[in-house]
Every structure is written in C-alpha cells, then in structure tokens.
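Here the protein sequences line up with chains A and B, keeping their order.
When you line the first sequence up against my numbering, it's residues 996 to 1191, in that order.
When you line the second sequence up against my numbering, it's residues 996 to 1191, in that order.
Quick reminder that beta carbons are idealized off the backbone N, C-alpha and C, glycines included.
There are 2 protein chains.
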Amino acid sequence: MARIQSKKNSTKKEIIIEKAARLFREKGFGAASMRDIAETVGVEAASLYNHIQSKSEILQAICFKVANDFIAQLEEVERSNASTLEKMETIIRMHIRMMLEHYEYVYISDHEWRHLPEPYLSNFLNQRRSYRKRLSDVIEEGIHKNEMKNIDPYVAVLTILSAISGIESWHRSRKTTGAETLEENMVKYLIEGLKK
Amino acid sequence: MARIQSKKNSTKKEIIIEKAARLFREKGFGAASMRDIAETVGVEAASLYNHIQSKSEILQAICFKVANDFIAQLEEVERSNASTLEKMETIIRMHIRMMLEHYEYVYISDHEWRHLPEPYLSNFLNQRRSYRKRLSDVIEEGIHKNEMKNIDPYVAVLTILSAISGIESWHRSRKTTGAETLEENMVKYLIEGLKK
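1) Could you give the residue range of the alpha helix (DSSP H) that holds A1077 of chain A?
2) Would you list the residues sitting across from K1190 of chain A in a DSSP beta bridge?
3) Determine the contact status of K1144 of chain A and L1189 of chain A, defining contact as a CB-CB distance below 9 Å.
4) For K1014 of chain A, which three-state DSSP category applies?
5) What whole-angstrom Cβ distance do A1158 of chain A and T1154 of chain B have, given they're in contact under 8 Å?
6) How far does the alpha helix (DSSP H) with E1099 of chain B in it reach, from first residue to last?
7) Taking 9 Å as the cut-off, decide whether the C-beta atoms of I1091 of chain B and M1181 of chain B are in contact.
8) Nearest-angstrom Cα distance between F1059 of chain B and L1018 of chain B?
9) Compare the Cα-Cα distances from D1132 of chain B to each of B:Y1184, B:R1169, B:D1147 and report the closest residue.
10) Can you tell me whether DSSP reads V1038 of chain A as helix, strand or coil?
11) Determine the closest residue to M1094 of chain A out of A:E1175, A:K1191, A:I1011, with distance taken between C-alpha atoms.
12) Any contact between the segment 1023-1043 of chain B and the segment 1060-1075 of chain B? By contact I mean 3 or more CB pairs, one from each, below 8 Å.
13) What does the alpha-carbon distance come out to for the pair E1052 of chain A and H1110 of chain A?
14) Is the beta carbon of V1152 of chain B closer than 9 Å to that of R1127 of chain B?
15) Check the Cβ-Cβ distances between K1128 of chain B and every residue of chain A, and say whether any is below 9 Å.
16) At least one CB of chain B closer than 9 Å to the CB of V1038 of chain A: is that the case?
17) What whole-angstrom Cβ distance do S1042 of chain B and D1105 of chain B have, given they're in contact under 8 Å?
18) Residues in its own chain within less than 6 Å of T1085 of chain B by CB, not counting five upstream and five downstream?
19) Could you pull out every residue in the same chain whose Cβ sits closer than 6 Å to the Cβ of I1138 of chain B, ignoring the five residues on either side in sequence?
20) For the segment 1084-1113 of chain B, which residues have a CB atom closer than 7 Å to at least one CB atom of chain A, in sequence order?
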C-alpha cells in the first residue's frame, strides 16, 4: 500500500531528505536553512553540499516522490476490474495510509509545493490537477453505472481529499483514537456517503 | 445563518479589522505589519493606533468573533427539537456558509490562532476542544437513538470539519463549480454518510 522508500539501506542522500522533511514540517520550508539541515543530519554544511545542492532540490525530491507514489497506485487501481466503489475505497485507504505512515512527506507536498521553482511548480500543479480529474472520472463512472449516488464529482473529490488531509489534526492531537480506528471509520464514512 | 458583522454601518475599528483580515490571509499574520495595515486602510500608521493597539488585538477580535458565532449557532441547534440528523445538517450547512461568506475570518481563525497571546490562546483552544466535543455528542446521541450509523464520533467530526475547511481550495480555484452546488453536494455527502 503506502510505499515511499523504507528506512533500510537508505543512501546518504535519502537520509538527508528524510531528516530535512521533518525539519521542513516543524519549521516550515522558508525558515529552515541548509545549515539547519546539516545540523539535523549531523554533518558539516560543506559536506552536505556533496549530496544536495539546495533546499529546493530536497523539496523537489519530496514533492515528486509523493506524486509518483499516488500516481503509480492510482494507475494500479484504474487497471483493476474492481467496481467503482471498490476502486474509490482503495484510493481513499491509500490516501489515509500515506497520511498515517508518511505524514512528513505528504504534509510537505501538500503545504510547501508553492516554493517549488519553475518548471517544477507548473509540472507539479498539472499533475495534481490531472490526478484529481482522474479521481473525479472514477466517481463519474460510478454514477453512470448506478453504483454511486448522483453527486457532483468535483465536490466529492474535494470532500474526500480535504477530509483525509484533516488527519494532520489527528497527528497533532493526543491520539486517544488509534490509527486503525481512524482509518476504518473514515473509509466507512466516505464510502457510504458515495453509495446509492 | 452565517452571521458576522455586516458591512453596513461599520465602525472605523470594524473596517480596520475587515481590511486587516484580508491582509493577514494574503500575507500571513507574521509578515503583515501595522504599517501594511495602515496602508490598506488608507490612513497614517499613527492614526491607526487611535483605534487599534496592535496586530494581536486584531487577531483576537477575529478569532473570538468567529468562535462566538459558531458557539451561538451551535447553542441554537442544541436547544431545538430537531432530530440529530437535522441538527448535524444545520451545523454542517452553517460551517459551509461561514467558509463561503466569511472566508477571510474563518481562514484566519483556523490558521493563525497560534499567534494569539496568552491567556487568549489557551482560552481559544479550550473553546475549540469543547465545541468539537459538543458536535461529537450530537453524533453519539444520533447513534444511540438509531438515527445514525455506528461510527466513531471523533472521526466523524474530524471528517466533517476537515472536509469543510477544504473549501479553501475551492476559493483558490477557478470556481467552475458554483457556491450553491458546492454547498448542496457537500451537505448531501456528509449527511448521507452518517445515515443508518
């Protein structure tokens, strides 16, 4: 399910990106300096430049890694023979797991993409637009096939993705609700709201 | 429904708050200066201080105005004899309208509360926690009365409030979907997802 590079056998560059991701989330991309990143990684700033040229390079790596992951998983879903409701359930679950298991990466990709330099910024936004369109196509197909209720697909996608991004507030909370309860109940709510 | 001071017969102070709200959303509370506010209002910085002592005073006014509005409307709903589903529909609709009609105020109250000074910060967070608990009580009652499906009330409230805060992305979009379509479809999705 939720992919993104595991921590085992990471290269130095991957470790830098991972630690920078956490720093970006805590301080914000704008406020975090290359010096801060070096400190978090535990190397001299000069040696950091052997692996990474700029903060921006790290942001690009994070945003496009997250985008690749979502797109690869969506393509798998699109190719499957599942019903449109099953497809949406897989997509919703995948988004929730990404928020639960790769929170820092998804958070940065959601909040800091504005700092991407061109041509990456436009490319990222185009991919995002196309991704949302493809989700809305699955819902449109579901309505057409009478598997889903008649609902505006744009509003349904907005509702789903925004609800899931609210898991941010769960991450910041005392977490009296477990991750599994969160996932199961949010899936239930969002899928049953689509059903006929 | 969505209340908040109308623009007619506003006092000078209200006008300042209104213009500052827009500036805070555009630049962020941290980046906006009293000088910027004076410029937006069209007065000298010195004359601004006749009405407002600090940026923080404006932020407090906005956050507590929004909180008061939500709480007053929730109390009205709680006192009514409506079913729990009708109550949740009224609450969801009220939140959506606030996001549509008083976007700047709600945006700032949602995103910039961290900059509130004490004792306002703790007070604001306590009110927010209590507000969410009261929404979750309505859902718990709905489940108990067999009007709603068995769903974790905390997750349901998180899903609802996060979905609605996603209207931010609609505000930033080209708005090919009208406000009414947005409201009706989001209400439908979120209410039918709660139904038994």
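On the basis of the data shown:
1) Run containing A1077 of chain A: none; DSSP gives neither H nor E here.
2) A:M1143
3) yes
4) helix
5) 5 Å
6) 1098-1106
7) yes
8) 18 Å
9) B:D1147
10) coil
11) A:E1175
12) no
13) 11 Å
14) yes
15) no
16) no
17) With 8 Å as the limit, S1042 of chain B and D1105 of chain B do not qualify as a contact, their Cβ atoms being about 31 Å apart.
18) V1072
19) N1145
20) none
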